[in-house]
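A quick write-up on the structure given underneath.
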Amino acid sequence: MGTLTFDVAHLLAGSLVLVSVMMLYQDRLYALLNVYALHALVLAASVAWQAFVQDAPHLYVTAAIALIFKAVIIPVALHRIIVRLGIHRQIENVVGVGPTMLLGMGLVALSMVVMLRVTTEADPLAREDLAFALSVVLLGLLMMVTRRNAVSQVVGFMSLENGLVLAATGAKGMPLVVEISVAFSVLIAFIVIGIFLFRIRERFDTVDVQALDRFRGERG
Amino acid sequence: MTFDALIGVLLIPAVSAALLAVLPGYKLTARLNVLAALLTFTTAVSLFAVEPRSGSYLLVDDLNKVFIVLTTFVGLTTAVFSASYIGHEIEIGRLTPRSVRFYHAMYQTLMFAMNLALIANNIGLMWVAIELATLTTVLMVGIYRTHEALEAAWKYFILGSVGIALALFGTILVYMAARPVIGEGLYAMVWTVLITKAARFDPALLNVAFVFLLLGYGTKVGLAPLHAWLPDAHAEGPTPISAVLSGLLLNVALYALLRFKMLLALNPGAIAPGPLMVTLGLISCLFAAFMLYRRRDIKRLFAYSSIEHMGIIVFAFGMGGPLANFAGLLHMTMHSLTKSAIFFAVGHISQVKGTQKIADIGGLTVTHPVLGWGLVLGVVAIAGLPPLGIFMSEFLVVSSTFAREPWLAIVLVLAILVALGGLFLRLNTVAFGEPRGPAAPAEASYVPMFAHLALVFMAGIYMPPALVAGFENVARLLG
């Protein structure tokens, strides 16, 4: 393996983590969506590079899904939903930006320590990819728990899922990657564009998940 | 590819899902739904007669045969129950004909997804199937479109997706562990190949993978710290879906977990998966038992009881060994049958009373003797009183634990007793005492409920030797 292929793959996977961290401190929904689109773009580049390096043409499909579906269609759709719902105000962070960033850094360090230690036998590219992917997954989880707004929770989930696609493409020769990315896209499409946000808006007058907690089934 | 029973259990639900999505008229579609479930069940039973060859995508062995037959059987009885339940929902206008069409199509899609997850020989395919099952149930939980139903569906979606995502990461790690041994490509994800070479996988990677899989699929099993979606989803969706969720979907997730546990058990360098499962199982069981006391909604009550029983089952499989595995398997079967029978009763009860609040339901044995006594029988069974089937399986779990870890057994017995108290306290309000709520006669189908209860009763008194031998064989397989 040439150093160039390694360096480029490393750069792209590393940028994905960086963009994930950037998402943590976005406190406006529009900005968050833009950063998410960037996230998907970096993912598409990374997957395409893996497809080229591994000489695996089917991965281009996954890259195309990331580029068209995640980087364009979903952000645009969410943008429209936000406009229609009139919720383009500030995002409330449950935890402040400072502690969130510290937690995020801690999670990245954690995933490096865990993954690099257990993958000593794997080839270096896959190792780093897995470590970065776990960071992205954990950062996505962090975002889901620190946000109250349903739209930003979905964005958190989508960034988490981008981390999984990174891991799957980094695992050289893994079968069913395309199918899995399609399955995930279906899941997201179902939930995001369609039914959920609209219905939640329709029924709750707010997409603030905390307001949904009014009901616990045991009251009244 | 020749047509065999394996293709059958996938094709029948898939085709009927497509049919049910376009056919009008709920009476016709409800019957078709039952017919499709019946066909799937007979096809599944035929697996015992003629065993099809396993390929690199589909697999049939002694372990999943038990699961498939149980799944399709409860799928069939629930379809029968669902026909009368849905009829009533249409009458009172809670569901429109359009949403019923959607509901039936989703029901069959769920059956398809669960069967696929059970017979998948590829860990990636299994993951996709479980994801599909999650998606269909999310949509069905939200079908009433009330505030509560949507909140339940949303919670289920968020927690379920996170679980599913973690499980995928674990699956990728298993592939990474297998790749150096098996080589790149399809075979490194094929279960039958993985199991033969598991001893040579990198143990460290396998350990991390199992932690992710346990958390991921454990969320779908409803294990304690990750269970938050389960009571809401059970309470707010249509009752047939509560029955299928409790009786089947939790089992399917557990089945995935068991497959990976077998993989880990074969690797000498990997951590023992048992203690992790024992801990989670015990926590779930204890936690849910105490939570039973604070429930005011009858469907939530039994949802927590499902968490408790899944805890016992995971505990039993975590203990491992032929006896505990046998007990776990038996308990899983008994729990599926009993819990779905209870939900059949609860579904009709909440329909005649027009509420799910325990405080508003009372004196059922007087106003609706058949339903009331059915529920009493179900609760007696689920609480684990002799001579019913769950008593036997719980007794086996406890006695096999006593021999090895007496302290764990004591905690388990405590949890079971606490749960028994909680269940009877609520049962007393609902079934006996002064009648409360409307007393209009129920238009119910009692056959599914009593069929399940009869089976549970029979299992408590006499187990056919062939069944015992079959379960023993599977218990040995599980290691």
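First to last, the sequence lines map onto chains A and B.
For the first sequence, position 213 (counting from the first letter as 1) is numbered 682 according to the numbering used here, and the numbering increases by one without interruption.
For the second sequence, position 5 (counting from the first letter as 1) is numbered 62 according to the numbering used here, and the numbering increases by one without interruption.
Backbone N, C-alpha and C fix where the C-beta goes; we use that ideal spot for every residue, glycine too.
Establish whether the CB of residue i and some CB of chain A are separated by less than 7 Å.
i	result
Ser-393/B	no
Asp-61/B	no
Glu-365/B	no
Tyr-232/B	yes
Phe-226/B	yes
Ala-416/B	no
Val-268/B	no
Ile-229/B	yes
Could you have a look at residue i and say whether DSSP puts it in helix, strand or coil?
i	result
Asn-618/A	strand
Lys-414/B	strand
Ala-222/B	helix
Asp-598/A	helix
Gly-542/B	Since the displayed chain B opens at 58 and closes at 536, residue 542/B lies outside it and no answer follows.
Val-107/B	coil
Asp-476/A	helix
Leu-645/A	coil
Arg-151/B	coil
Arg-493/B	strand
Asn-179/B	strand
Glu-671/A	For Glu-671/A, the predicted model reports a pLDDT of 40, less than 50, meaning its position is unreliable; a value from the coordinates is still stated below. It is helical.
Arg-202/B	coil
I want to see whether chain B comes within less than 7 Å of residue i, judged by CB atoms only; does it?
i	result
Met-643/A	yes
Val-522/A	no
Ala-652/A	yes
Ala-525/A	no
Ala-636/A	yes
Leu-579/A	no
Val-587/A	yes
Suppose contacts are defined by Cβ-Cβ distances below 7 Å. Is residue i in contact with residue j by that definition?
i	j	result
Gly-446/B	Ala-373/B	no
Ala-281/B	Ile-340/B	yes
Met-171/B	Val-309/B	yes
Leu-272/B	Leu-349/B	no
Arg-483/B	Ile-415/B	yes
Glu-597/A	His-479/A	yes
Phe-317/B	Phe-269/B	no
Ala-501/B	His-392/B	no
Met-197/B	Gly-294/B	yes
Met-520/B	Ala-398/B	no
Tyr-274/B	Leu-314/B	yes
Ser-515/A	Leu-481/A	yes
Ser-457/B	Ala-381/B	yes
Hey, how far is the Cα of residue i from the Cα of residue j?
i	j	result
Gly-199/B	Gln-523/A	43 Å
Leu-207/B	Val-614/A	19 Å
Met-427/A	Leu-115/B	As displayed, chain A neither begins before 470 nor continues past 689, which places residue 427/A out of reach and without an answer.
Ala-300/B	Leu-95/B	17 Å
Asp-496/A	Ala-600/A	27 Å
Gln-531/A	Ala-637/A	First, the residue type needs correcting, since residue 531/A is Thr and not Gln in the sequence shown. If I take the Cα positions, the gap works out to 10 Å.
Arg-688/A	Val-587/A	Bear in mind that a pLDDT of 42 at Arg-688/A, under 50, signals an unreliable position, so the model cannot answer this.
Glu-529/B	Pro-379/B	7 Å
Leu-173/B	Gly-555/A	42 Å
Leu-594/A	Arg-88/B	56 Å
Lys-410/B	Asp-417/B	8 Å
Val-79/B	Pro-154/B	12 Å
Ser-654/A	Ala-360/B	31 Å
Gly-609/A	Leu-471/B	39 Å
Thr-390/B	Val-552/A	50 Å
Ser-484/A	Val-651/A	24 Å
Phe-258/B	Gly-639/A	19 Å
Leu-263/B	Tyr-244/B	17 Å
Ala-140/B	Lys-122/B	27 Å
Leu-104/B	Thr-589/A	44 Å
Ala-517/A	Tyr-529/A	6 Å
Leu-536/A	Pro-644/A	21 Å
Let's see if you can read the secondary structure: which residues bound the alpha helix (DSSP H) around residue i?
i	result
Phe-538/A	No alpha helix (DSSP H) contains Phe-538/A, which DSSP labels as neither H nor E.
Arg-353/B	From DSSP, Arg-353/B is part of no alpha helix (DSSP H); its letter is neither H nor E.
Asp-289/B	286-293
Ser-113/B	Taken as a continuous stretch (DSSP letters only), Ser-113/B belongs to no alpha helix (DSSP H), as it is neither H nor E.
Thr-249/B	248-254
Arg-316/B	307-322
Ile-473/B	463-488
Pro-281/B	A small fix is needed here, since residue 281/B is Ala in this sequence, not Pro. Premise fails: Ala-281/B is in no alpha helix (DSSP H) and is neither H nor E.
His-425/B	Where His-425/B is concerned, there is no enclosing alpha helix (DSSP H), given that its DSSP letter is neither H nor E.
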